[in-house]
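**Q**
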Amino acid sequence: MTKKNTKIKGIFTILLVVFCALVAWAHFFHLDGAFDFILGVLSFEDTLYAPGYSNAGFKCVHEGTTRERVLELIGYPIYKSLIYCTAENNLEGSYDYRKLYIIAHSVTDIIKGNSRGSGNDITKCADGYSEDKFGSIKLGQSEYEVMKILGEPLEEIWGYSKSPNSTDYRIRLISIKNGKVTSKLHKLYYD
Numbered sequence: 054m055t056k057k058n059t060k061i062k063g064i065f066t067i068l069l070v071v072f073c074a075l076v077a078w079a080h081f082f083h084l085d086g087a088f089d090f091i092l093g094v095l096s097f098e099d100t101l102y103a104p105g106y107s108n109a110g111f112k113c114v115h116e117g118t119t120r121e122r123v124l125e126l127i128g129y130p131i132y133k134s135l136i137y138c139t140a141e142n143n144l145e146g147s148y149d150y151r152k153l154y155i156i157a158h159s160v161t162d163i164i165k166g167n168s169r170g171s172g173n174d175i176t177k178c179a180d181g182y183s184e185d186k187f188g189s190i191k192l193g194q195s196e197y198e199v200m201k202i203l204g205e206p207l208e209e210i211w212g213y214s215k216s217p218n219s220t221d222y223r224i225r226l227i228s229i230k231n232g233k234v235t236s237k238l239h240k241l242y243y244d
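If you want it as structure tokens, here you go:
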């Protein structure tokens with residue numbers, strides 16, 4: 054074997070060891086796992102996180118963590134989705150019927166509809182909910198005013214990340230019911 058071939062083989066071996074170490078690290082320590090970590094690097098994802106957010110803090114949020122503790126760990130989210138009536142409820146693929154989007158503590162969107170299209174799929178509404186009360190909510194109204202009118206929602210989805218350029222980004226969502234975390238979602242979103 055020539056000196057040149059031995060050198061190339063040595064470089065290849067070092068690169069292979071470094072690659073395997075990186076994949077092992079990403080698998081065990083990166084929040085999104087090895088596959089999404091590598092795809093995120095290759096796709097040049099552009100994630101904007103909420104001020105105060107950290108992966109370390111997000112890892113400390115578990116089912117049962119209180120709303121107040123979430124705020125201590127990772128701060129206020131970029132946006133909230135307050136769900137008052139629903140047909141099915143989860144972080145992915147929910148069929149929300151009555152929902153408000155909150156950005157910077159005020160209403161930015163009012164959703165009245167059903168993603169299934171029939172409009173007859175409501176299975177549950179928040180205590181004290183009424184169509185008249187929901188209809189009185191206006192864009193720009195504060196989150197505090199909404200809570201005074203409608204009370205606690207069935208569920209809150211807190212979003213801690215977004216893509217400023219509508220491309221691939223790392224999703225960070227927390228679902229809260231009755232003041233406690235019920236689930237969280239973290240993965241790479243491919244657009």
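Going by the numbering used here, the residue at position 185 of the sequence shown is 238; the numbering climbs one at a time, nothing skipped.
Beta carbons are placed, not taken as given, at the ideal position from N, Cα and C, and that holds for glycine.
1) Return the residue from the list C113, I127 and V123 that minimises the CA-CA distance to G105.
2) From S195 to I155, what distance separates their C-alpha atoms?
3) Leaving aside the five residues before and after V199 along the sequence, list all residues of the same chain whose C-beta is less than 8 Å from its C-beta, in chain order.
4) Looking only at its chain, what residues have a beta carbon closer than 6 Å to the beta carbon of I131, apart from the 5 residues adjacent to it on each side?
5) With respect to the alpha helix (DSSP H) encompassing E121, which residues constitute its N-terminal and C-terminal limits?
6) Tell me which residue opens and which closes the alpha helix (DSSP H) that I202 is part of.
7) Helix, strand or coil for K12, going by three-state DSSP, please let me know.
8) Alpha carbons only, please: which of T119, N108, Y243 and I61 is nearest the one belonging to T235?
9) Please report the residue range of the alpha helix (DSSP H) in which D244 lies.
10) Short of 6 Å in beta carbon distance, which residues of its chain neighbour S107, apart from the five on each side in sequence? Order them along the chain.
11) Along the chain, where does the alpha helix (DSSP H) that runs through G110 open and close?
12) Span of the alpha helix (DSSP H) holding K191?
13) From the DSSP secondary-structure annotation, give me the bridge partner or partners of S236.
14) Grab the span of the beta strand (DSSP E) containing T161 for me, first residue to last.
15) Do you know whose CA, among R151, D221, D180 and R223, lies nearest G188's CA?
**A** So, to answer that:
1) Indexing the sequence shown from 1 puts residue 105 at position 52. If we check each option's Cα against that of G105, I127 comes out closest.
2) The sequence position of residue 195 within the sequence shown is 142, counting from 1. The sequence position of residue 155 within the sequence shown is 102, counting from 1. Cα-Cα distance, rounded: 8 Å.
3) The residue given as residue 199 occupies position 146 in the sequence shown. The residues L135, L153, I155, V160 and I190, in chain order, have a CB closer than 8 Å to that of V199 in the same chain once the five nearest residues on each side in sequence are set aside.
4) Translated into positions along the sequence shown, residue 131 becomes position 78. Setting aside the 5 residues that flank it on each side, I131 is surrounded in the same chain by A103, G212 and K215, each with a C-beta closer than 6 Å to its C-beta; the list follows chain order.
5) Your numbering for residue 121 matches position 68 in the sequence shown. Run containing E121: R120 to I127, per the alpha helix (DSSP H) assignment.
6) Along the sequence shown, one-based indexing puts residue 202 at 149. Counted as a single uninterrupted DSSP element, the alpha helix (DSSP H) harbouring I202 occupies residues E196 to L203.
7) With the chain covering 54 to 244 only, the question about residue 12 has no answer from this structure.
8) What you label residue 235 is simply residue 182 of the sequence shown in a count that begins at 1. Of T119, N108, Y243 and I61, the residue nearest in Cα terms is T119.
9) Residue 244 sits at position 191 when you count from the first residue of the sequence shown. Premise fails: D244 is in no alpha helix (DSSP H) and is neither H nor E.
10) Position 54 of the sequence shown holds residue 107. Within the same chain, no residue comes within 6 Å of S107 by CB-CB distance, once the 5 residues on both sides are set aside.
11) Indexing the sequence shown from 1 puts residue 110 at position 57. Run containing G110: N108 to C113, per the alpha helix (DSSP H) assignment.
12) Position 138 of the sequence shown, counted from the start, is the residue given in the question as residue 191. Careful: K191 lies outside any alpha helix (DSSP H) and carries neither H nor E.
13) The count along the sequence shown starts at 1 and reaches residue 236 at position 183. DSSP output for S236 lists S228 as bridge partner(s).
14) Within the sequence shown, the letter at position 108 stands for residue 161. Looking at the DSSP string, the run of the beta strand (DSSP E) that includes T161 is S159 to K165.
15) Position 135 of the sequence shown, counted from the start, is the residue given in the question as residue 188. G188 has its Cα closest to that of R151, out of R151, D221, D180 and R223.
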